[in-house]
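Numbering that gives the first Met the number 0 applies: residue 0 is where the sequence shown begins, and numbers increase by one. In what follows, a single structure is set out as structure tokens and then discussed.
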Amino acid sequence: MKIIIITMFPKIFKNIFNYGLIKKAIVNNIIKLIILDLKKFVSLGEKIDNYSYGGGGMVISCNPLYKSILKAKENNKKSKIIYLSPQGKKLNQNYINNLSKFKSIIIICGRYEGIDERIKSKIDYEISIGDYILSGGEIPAIVLIDSISRLIPRSN
């Protein structure tokens with residue numbers, strides 16, 4: 000399985016996947032992790048964050064996120080896009096079982112008040128890991144990847 004993570008903070012993932020079953024799955028080419036730094040998709044004159052249209056707080060801007068999704072889908076147009084947010088459907092084992100069957104997933108780590116609404120039409124699954132608020136989607140991404148990697152054949 001190919002797992003692509005879109006994040007504003009790629010260094011969070013630097014060491015976490017060097018241990019346990021995830022490391023074993025990576026070493027054995029059962030999963031391939033690619034981390035895309037959202038900041039690298041910001042063009043001159045753009046910002047990575049912006050106020051949401053219609054009021055509310057800051058959100059991840061549309062253009063950088065859209066460009067990062069295009070990059071993530073470059074080699075596999077059928078990749079499923081997962082957006083991690085507190086408003087998503089709550090993650091459970093059945094959900095994980097279904098997600099583990101995909102060949103490629105793209106995980107968007109939310110920040111601020113979320114993502115620009117124009118991107119939501121590109122999202123296949125909006126997922127929450129529980130009824131609480133975190134600083135962003137990086138920790139939920141780690142939870143999701145760990146739980147999925149345990150179910151991919153030959154990774155455990």
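All C-beta atoms, glycine included, are put in the ideal place defined by N, C-alpha and C. Only a predicted model underlies this, so the values are computations on that prediction, with no experimental measurement involved.
Buried versus exposed, by CB contacts within 10 Å (16 or more), residue i
i	result
Y82	buried
N155	Confidence in N155 is poor, its pLDDT being 48 and thus under 50, which makes the residue's placement too unreliable to answer from.
R117	exposed
DSSP-derived helix/strand/coil call for residue i
i	result
V142	helix
S148	helix
Y131	coil
Cβ shell of residue i (< 6 Å), same chain only, five flanking positions each side left out
i	result
L90	I126 and I128
I33	I3
Short Cβ contact (9 Å threshold) for residue i with residue j
i	j	result
K38	M0	no
F101	K79	yes
I106	A140	yes
Own chain, CB closer than 8 Å to residue i, minus 5 neighbours either side, in chain order
i	result
I132	P85
I122	I80, I81, Y82 and I107
Own chain residues within Cβ distance below 7 Å of residue i, not counting five before or after
i	result
D145	I21
Whole-number beta carbon distance between residue j and residue i, since they are thought to touch under 8 Å
i	j	result
D48	S60	6 Å
K70	L35	6 Å
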